[in-house]
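Remarks on the structure that follows.
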Amino acid sequence: MQILFGTPLCLNLRNIVWHGFPSPEELQPHFAIVLIVLMASLGEVLQSKGFSVSSLPSRPQVSNLHQLSSALDGCFPDLTIYHKETVEVFRNCHFIAPSHKATWDVILQHYINSR
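To get the working numbering, take the position in the sequence shown, counting from 1, and add 647.
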């Protein structure tokens, strides 16, 4: 597990997945399978070591995401009004890897359609 999720000197799949959208060349199928098997067996390993789910620390759940998002209304420009300009900014942005731009297009389209 330390090889997969450990320090920055190892593969550190957690950071690849957590800090963005992994592109196909970053997360190969065999690593995805290892993650799925690991996640499926993690509960059994913890149980064998005497841990229970209730004893593990957890963050408080966000209860009303819609209310929290509506608190931001008016704080940012309405992307539905500036749809074409926003799409151009995303497509021409050098900070978004070319392999991720299609994903950002889908996310932006979903956001605009949901408004």
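The C-beta atom is built at its ideal place from N, Cα and C for all residues, glycine as well.
All figures in this text were calculated on a predicted structure; none of them were measured in a lab.
Selected residue, minimal CA-CA separation from residue i, among the options
{"i": "A749", "options": "F742, Y758, R738", "result": "R738"}
{"i": "N760", "options": "H713, V692, L726", "result": "L726"}
{"i": "H730", "options": "C722, Y758, G721", "result": "Y758"}
{"i": "V736", "options": "G721, L755, D720, S746", "result": "L755"}
{"i": "H747", "options": "N659, V664, L660, P669", "result": "P669"}
Straight-line Cα distance separating residue j from residue i
{"i": "P671", "j": "L685", "result": "20 Å"}
{"i": "E691", "j": "A744", "result": "38 Å"}
{"i": "P724", "j": "F742", "result": "21 Å"}
{"i": "P707", "j": "L674", "result": "30 Å"}
{"i": "F678", "j": "G721", "result": "42 Å"}
Where residue i falls, given that 16 or more other Cβ within 10 Å makes a residue buried
{"i": "F703", "result": "It should be pointed out that residue 703 corresponds to Leu in this sequence rather than to Phe. It is exposed - the Cβ of L703 has fewer than 16 other Cβ atoms within 10 Å."}
{"i": "L660", "result": "buried"}
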